[in-house]
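Asks:
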Amino acid sequence: QKVSTKAFDRIVINLRNEEEQNENLVIIDMPIGEYADCEVEPTCGLVSKTGFLGMQDEPRAFYEPHRKDAELLWFSNGFVEYRFPNRIPYGSTEHQIDLSAEICSEAPYHKLDWPSDITVWINGVEIGTWTSPGDFGGKRGFLTPEWWLTGNTQYGLLKNWTVNQEGSFIDGVKQSDVTIKDLNIQSKPFISIKFGIKKDADNIGGMNLFGHRFGNYDQGILMKLHYNK
């Protein structure tokens with residue numbers, strides 16, 4: 098005979114998000130189609146989870162209203178700039194900003210050996226350049242929809258940029274002495290985040306930027322801003 102006993106009188110499910118649990122941390126997941134400015138060159142394009150947004154290899158497509166539905170965007174040269182709302186309470190002091198995004202190079206279709214120097218700026222200040230090794234395809238991304246051909250770009254690498262009081266870092270490796278004070282976070286009602294290829298880069302190999310429904314990671318551009326009251 099099997100005897101069961103009750104181990105718990107009550108189960109509580111906490112539905113609060115991380116921002117509510119930690120009042121000294123602001124988290125914003127920006128959809129990749131919600132950029133505020135861009136300058137792109139072909140090959141370029143945008144797709145939603147169900148199809149193409151505008152014409153391929155046509156920079157004008159990046160200004161269409163439905164660009165906000167983009168789950169993958171790409172260009173061979175140029176930049177995209179996002180403006181995150183500045184939610185730091187007045188009187189507080191920021192001490193660290195973290196960014197993460199799934200990203201890779203941009204080649205026609207895909208090419209595993211296709212380096213590209215991808216730079217990030219925060220409020221116009223350069224915080225680090227990462228050399229993407231290639232444009233990854235041939236194997237379907239975990240989130241990439243079935244209608245998107247396997248021979249096209251499928252997934253990227255999840256990269257992490259950090260700026261704090263010690264300097265700027267990519268995946269924990271120090272890049273420069275730029276500190277969070279240099280970013281003048283509280284000077285504007287928004288925080289500018291720009292991804293792009295510098296005109297004098299050694300490797301001008303474009304970039305792909307992945308959203309929630311393409312690639313291997315269920316996120317857009319994730320920003321975490323730490324502050325002290």
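Numbered per this note's numbering, the sequence shown finishes at 326, counting up by one with no gaps. All residues carry an ideal CB built from backbone N, CA and C; glycine is no exception. Please read all numbers here as calculations on a predicted model, not as lab measurements.
1) What is the residue span of the beta strand (DSSP E) that TRP171 lies within?
2) Span of the beta strand (DSSP E) holding VAL123?
3) For the segment 143-153 against the segment 194-205, are there 3 or more C-beta pairs whose distance is under 8 Å?
4) Please list, in chain order, all residues of the same chain as TYR206 whose beta carbon is under 7 Å from its beta carbon, the five residues on each side excluded.
5) Using 10 angstroms around the beta-carbon of GLN262, count the other beta-carbons present and answer buried if the total reaches 16, otherwise exposed.
6) Anyone know if the C-beta pair for TRP258 and GLY225 falls short of 7 Å?
7) When the distance is taken between beta carbons, is LYS321 closer than 7 Å to ASP195?
8) Helix, strand or coil for LYS146, going by three-state DSSP, please let me know.
9) Once DSSP output is grouped into helix, strand and coil, what is the label at HIS207?
10) By the 10 Å Cβ neighbour count, where 16 or more other Cβ atoms means buried, how is TRP244 classified, buried or exposed?
11) Do LEU209 and GLY238 have their C-beta atoms closer together than 7 Å?
12) Starting from GLY225, follow the beta strand (DSSP E) in both directions and report where the run begins and ends.
13) In angstroms with no decimal places, state the Cα-to-Cα distance between GLN118 and LEU319.
14) To the nearest angstrom, how far is it from the Cα of GLU178 to the Cα of SER189?
15) Would ILE288 pass as a contact of ASN183 if the rule is Cβ separation under 7 Å?
16) Return the first residue and the last residue of the beta strand (DSSP E) that HIS163 is part of.
17) Report, in whole angstroms, the separation of the C-beta atoms of GLU168 and VAL144, which I expect to be a contact under 8 Å.
Replies: Result, derived from the coordinates:
1) Where TRP171 is concerned, the enclosing beta strand (DSSP E) stretches over 169-182.
2) Note, VAL123: beta strand (DSSP E), 122-127.
3) no
4) Excluding residues within five positions, the ones whose Cβ falls inside 7 Å are GLY234, GLY248, ASN249.
5) Counting Cβ neighbours within 10 Å, GLN262 comes out exposed, since fewer than 16 surround it.
6) yes
7) yes
8) If DSSP states are grouped into helix, strand and coil, LYS146 belongs with coil.
9) coil
10) exposed
11) no
12) 222-229
13) Below a pLDDT of 50, predicted positions are generally treated as unreliable, and GLN118, at 45, falls in that range; no measurement from the model is reported.
14) 26 Å
15) yes
16) Counting along the chain, HIS163 falls outside any beta strand (DSSP E), and DSSP gives it neither H nor E.
17) 6 Å
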